[in-house]
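**Q**
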Ligand code: NAP
């Protein structure tokens with residue numbers, strides 16, 4: 001039996017998706033604008049194909065238009081940049097997402113920087129990264145935005161909390177730090193060179209684990225009562241030969257000590273898609289106001 005509150009990311013994401021759908025109806029009624037999201041996939045990576053399908057379905061379920069662009073793996077960088085330029089200019093496209101990772105011969109940085117920052121619903125363009133860091137209005141990355149909503153579902157005011165983020169990627173760790181700073185947390189970012197990670201994590205009232213190492217964070221690392229948000233998701237095969245998904249946190253151990261914890265699956269994952277829809281609506285609303 002776990003002590004911790006299990007944070008139901010699926011239910012919280014469902015509520016957010018309903019709110020977005022209501023916002024989409026309002027925008028249609030007030031301005032005749034239907035938000036449109038273009039998702040670009042280069043190559044046939046099976047996991048990426050699943051993500052793109054999930055995103056497209058969620059987009060149409062929310063009443064938005066979905067435009068899927070599937071390009072062959074051998075697509076040259078200039079051809080991809082030409083597609084981005086076309087999407088930047090289209091009035092029916094308010095959000096552009098290029099599914100990562102891209103094939104090795106394409107420089108993801110060039111592609112991200114080619115997206116109009118106003119349509120950058122992933123929040124990876126340097127303009128949005130800079131706006132987020134300087135406290136200005138920005139399209140913020142989806143996964144860390146979802147983590148903030150999950151943490152606030154158990155404690156509305158995060159101000160003053162010691163937050164430890166494990167992982168410093170541009171996709172999760174760094175923007176997570178900016179978002180938690182904006183919530184007035186005292187933020188530490190840990191990474192592979194951090195000394196004595198366990199004792200750093202033990203200080204935290206809020207832990208966000210975004211590492212990609214199955215069950216690395218042990219229950220003994222968790223401060224009693226802490227909020228634990230597990231971003232990691234990995235498929236492992238257990239001793240009985242069955243495969244299942246696990247996070248970066250040893251869930252059963254941590255749930256004995258934490259005040260609240262997200263499960264894997266059903267925690268952060270569903271929030272990422274819901275926040276993508278929210279960003280697309282935000283981008284369309286900004287265009288309507290312009
Ligand atoms: P990433 O780019 O590989 O970054 C991993 C980070 O973890 C790096 O900063 C790395 O440190 C750090 N790290 C690696 N080993 C460590 C160790 N032993 N101790 C402390 N830190 C360590 O990964 P990511 O894109 O941020 O993703 C992290 C995880 O989240 C993955 O499992 C991914 O699948 C998952 N994810 C889930 C969602 C979702 O929607 N649920 C979205 C995005 C990512 P260095 O910088 O020093 O190398």
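In the numbering used here, the protein residues as written are 1 to 290. We treat Cβ as the ideally placed atom computed from N, Cα and C, and that holds for glycine.
Using 8 angstroms for Cβ pairs, my map puts residue 155 next to residue 227. What's the rounded Cβ distance?
**A** 6 angstroms
**Q** State the DSSP-derived secondary structure class of residue 235, mapped to helix, strand or coil.
**A** strand
**Q** Measuring straight from C-alpha to C-alpha, what distance separates residue 51 and residue 13?
**A** Each residue's alpha carbon lies about 16 angstroms from the other.
**Q** What residue from 230, 253, 142, 99 has the CA that sits closest to residue 8's CA?
**A** Nearest Cα to residue 8 within the set 230, 253, 142, 99: 230.
**Q** Under the rule that 16 or more other beta-carbon atoms within 10 Å means buried, what is residue 122, buried or exposed?
**A** Buried, because 16 or more other Cβ atoms sit within 10 Å of the Cβ of residue 122.
**Q** Would you give the residue range spanned by the alpha helix (DSSP H) that residue 57 belongs to?
**A** 46-61
**Q** Using only the heavy atoms of the ligand NAP, determine whether one of them is closer than 7 angstroms to the beta carbon of residue 234.
**A** yes
**Q** Compute the Euclidean distance between the alpha carbons of residue 191 and residue 32, then round it to the nearest angstrom.
**A** A straight-line Cα-Cα distance of about 47 angstroms links residue 191 and residue 32.
**Q** So does residue 212 have its beta carbon nearer than 7 angstroms to some heavy atom of the ligand NAP?
**A** yes
**Q** Just confirm the distance between the C-beta atoms of residue 142 and residue 15, as a whole number of angstroms; I'd bet it's less than 8 angstroms.
**A** The Cβ separation is near 16 angstroms, so there is no contact.
**Q** Which ranges does the alpha helix (DSSP H) cover as unbroken runs of at least 4 residues, wholly within the segment 122-209, from first to last along the chain?
**A** 126-133, 142-154, 173-182, 197-202
**Q** Taking only beta-carbon positions, decide if residue 161 is within less than 8 angstroms of chain B.
**A** Structure shown: chain B not included; a single protein chain is present.
**Q** Can you give the beta carbon distance from residue 75 to residue 39, rounded, assuming they're within the 8 angstroms contact cut?
**A** Going by Cβ atoms, the distance from residue 75 to residue 39 rounds to 15 angstroms, so no, they are not a contact pair.
**Q** Given this structure, state the Cα-to-Cα distance separating residue 119 from residue 94, to the nearest angstrom.
**A** 5 angstroms
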